[in-house]
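Let me begin by presenting the structure, written as structure tokens, before commenting on it.
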Amino acid sequence: MMITARSQKTLETTIDPSPLQAPQSSLRPSPPSPPLHLRPLREVEPLPDPSLARMRYQSPLRYPGAKSGLVKHIQQFIEANQPAPELFAEPFAGGASATLRLLGDGTIKRALIADADPLVAAFWKVAATDPDWLIKRLWDEPVTLQRWDYWRAYVPADPEDRELAVKCLFLNRTTFSGILHGRAGPIGGRAQKSDYDIGCRFNKDGLAQRIRYVGDLYDTGRLVDVWCKDWRDTITDVRKRYPLLGQDQVVVYVDPPYVAKSGRLYQYGFGTLDHLAVAAYLISRMPYRWILSYDDHPDIRQYYQTQQMRPTRPEARRWRIHKRLVTLRYSASDRTGRGPTDELLVTTLRHVPDHEAFRPAD
Ligand SMILES: C[S@@+](CC[C@H](N)C(=O)[O-])C[C@H]1O[C@@H](n2cnc3c(N)ncnc32)[C@H](O)[C@@H]1O
3 MMITARSQKT LETTIDPSPL QAPQSSLRPS PPSPPLHLRP LREVEPLPDP
53 SLARMRYQSP LRYPGAKSGL VKHIQQFIEA NQPAPELFAE PFAGGASATL
103 RLLGDGTIKR ALIADADPLV AAFWKVAATD PDWLIKRLWD EPVTLQRWDY
153 WRAYVPADPE DRELAVKCLF LNRTTFSGIL HGRAGPIGGR AQKSDYDIGC
203 RFNKDGLAQR IRYVGDLYDT GRLVDVWCKD WRDTITDVRK RYPLLGQDQV
253 VVYVDPPYVA KSGRLYQYGF GTLDHLAVAA YLISRMPYRW ILSYDDHPDI
303 RQYYQTQQMR PTRPEARRWR IHKRLVTLRY SASDRTGRGP TDELLVTTLR
353 HVPDHEAFRP AD
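First residue of the sequence shown? That's 3 in the working numbering, and the numbers climb one at a time after it.
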């Protein structure tokens, strides 16, 4: 990504990431590793336009499995465990709906987001560090079938190419279910004869406001950084980058792809071994307090049967593990006519909110 005057103002140092890379999962190729921007934590400043924090929809990205209905439950968990964390980390960021909402309403002070998909990470990096450029590109972009074909075929010569952010936003807002990779076609089909055409989810005014909000969160020190990494490397690197943060001062929000859909929605797929690897890591190695959300699937119940962490590393603790079910009434599944769904929340936070919405799932 080209560093502009605006991003230079807030980025402190650029360092070579290679010595900090943890071993990659053998299950997928490593995403390209652009230089990491080391941004120290600082006191957060007031938002220049607080009304943006009250927008009904805050993420510029539509996300398969987006959990906007879940955010209020995560908020209640954090409020039941004061003081609030110094850093909230979302290593499977996707549409980052939890991070954006909780940063805006002050539930959390600061957050870091990361995603292994280079397109998704490029979008968040540019939205955070160069929102003016991205908003201008948004206004200049015709929303047509020809451009859809162009973006589908677009391969950047340089992994730092800012146009990747436009590709991500364009395909996410114009493709069925927001799917970025694979075979999903444009909204409205090739014939464009349905009531919903390719531009029906591309409201430029609304998207510009949401991008502005991301830039404001970054400029005010709330959104600390955006990384393109496998989830494990994100957690490892949080420890390396922020060694002064204690184990209770960071909460990692883990929202992996759904078990039911994960093979086909995401770039590299996310299979049984990946779900097992997440469970093994959270139970035996995770150095920070964590909250995990999943579709309520029997395999996941089985992986998280234990009531307590079983550390295999000195940095992990024997923290108690709580499991709760919550019903999402306004989830993405409602719009597909499947009605309310249960979501499983698993956490090592000390206290569970005393509220009937949280049903024990132990
Ligand atoms: C369920 S979505 C997250 C949804 C998000 N919480 C939201 O509300 O929009 C999962 C995300 O994980 C990313 N992902 C898949 N495999 C990953 C991996 N190994 N490491 C990090 N991110 C990964 C996908 O690219 C996708 O953006």
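Every residue, glycine too, gets a C-beta built ideally from N, C-alpha and C. These figures come from a predicted structure and were not determined experimentally.
Residue range of the unbroken alpha helix (DSSP H) whose run includes Ile110: Going by DSSP, Ile110 is part of no alpha helix (DSSP H) at all; its letter is neither H nor E.
Under the three-state DSSP convention, the category Gln78 falls into: In the structure shown, Gln78 sits in a helix (DSSP, three-state: H, G or I).
C-alpha distance - Ala282 paired with Leu105, whole-angstrom precision: Taking the CA atoms as reference points, Ala282 sits about 29 angstroms from Leu105.
Endpoints, beta strand (DSSP E) assigned at Ile293: For Ile293, the uninterrupted beta strand (DSSP E) segment begins and ends at Arg291 to Asp297.
Where Glu165 sits in the DSSP three-state scheme: Taken through DSSP and simplified to helix, strand or coil, Glu165 comes out as helix.
7 angstroms Cβ shell around Leu330 - same chain, five flanking residues per side excluded: Cβ-Cβ distances below 7 angstroms link Leu330 to Gly71, Leu72, Pro342, Thr343 and Glu345 in the same chain, with the five nearest sequence neighbours on each side left out; the list follows chain order.
Nearest candidate by alpha-carbon position, reference Arg192, set Ala100, Ser179, Leu347 and Thr146: Closest in C-alpha terms to Arg192, from the list Ala100, Ser179, Leu347 and Thr146, comes Thr146.
Nearest-angstrom Cα separation, counted from Val157 out to Ala86: Annotation: Ala86 to Val157 spans about 42 angstroms, alpha carbon to alpha carbon.
C-alpha distance - Pro362 paired with Gly273, whole-angstrom precision: Rounded to whole angstroms, the gap between the alpha carbons of Pro362 and Gly273 is 27 angstroms.
Straight-line Cα distance separating Ala167 from Gln116: Going by the sequence as given, residue 116 is Ala instead of Gln. Taking the straight line joining both Cα atoms gives about 15 angstroms.
Leu294: CB within 8 angstroms of a non-hydrogen atom of ligand 3: Among the ligands present in this structure, namely ligand 1, ligand 3 is not found.
Buried or exposed (CB count within 10 angstroms, at least 16 for buried), Asn83: By the neighbour-count criterion, in which a residue is buried when 16 or more other Cβ atoms sit within 10 angstroms of its Cβ, Asn83 is buried.
Closest Cα partner of Val122 within the set Trp141, Phe79, His183 and Arg149: Nearest option by C-alpha distance: His183.
Phe272: CB within 8 angstroms of a non-hydrogen atom of ligand 1: Yes.
Integer Cβ distance of Arg326 from Leu347, believed to fall under 8 angstroms: Between Arg326 and Leu347 a beta carbon distance of about 5 angstroms is seen, short of the 8 angstroms cut, so the two are scored as contacting.
Beta-bridge pairing of Val254 - partner residues as DSSP gives them: Residue pairing of Val254 in beta bridges, as defined by DSSP: Ala91 and Trp292.
Chain-order list of residues whose beta-carbon lies under 7 angstroms from that of Pro289 (same chain, five-residue window excluded): The residues are Arg241, Gln249, Glu317 and Ala318.
Length of the line joining the Cα atoms of Val228 and Ala118: In a straight line, the C-alpha of Val228 is about 11 angstroms away from that of Ala118.
Inter-residue spacing [alpha-carbon to alpha-carbon] between Leu54 and Asp364: In this structure, the alpha-carbon of Leu54 lies about 39 angstroms from that of Asp364.
Buried/exposed call for His357, threshold 16 Cβ in 10 Å: Burial state of His357 is exposed, judged by a 10 Å Cβ sphere holding fewer than 16 other Cβ atoms.
Closer than 8 angstroms: Val122 CB and nearest ligand 1 heavy atom: If you check the C-beta of Val122 against ligand 1, you find a heavy atom less than 8 angstroms away.
At least three beta-carbon pairs within less than 8 angstroms, the stretch 255-263 to the stretch 212-228: Contact between the stretch 255-263 and the stretch 212-228 is absent, because fewer than three Cβ pairs lie under 8 angstroms.
Identity of the residue in Ser99, Gln211 and Arg352 nearest Pro50 by Cα: Taking only the C-alpha atoms, the option nearest Pro50 is Gln211.
Ile200 to Cys170 span [Cα, whole Å]: Cα to Cα, Ile200 sits roughly 15 angstroms from Cys170.
Cα-Cα separation, Arg56 to Gly187: C-alpha of Arg56 to C-alpha of Gly187: approximately 33 angstroms in a straight line.
Selection from His75, Glu88, Gln77 and Leu114 that minimises the alpha carbon distance to Trp94: Here the sequence assigns Phe to residue 94, which means Trp is not the residue at that position. Ranking His75, Glu88, Gln77 and Leu114 by Cα distance to Phe94 puts Leu114 first.
Leu49, DSSP secondary structure in three states: Note: Leu49 maps to coil in three-state DSSP.
Glu92 vs Arg112 beta-carbon contact at 9 angstroms: In this structure, Arg112 does not lie closer than 9 angstroms to Glu92 by Cβ.
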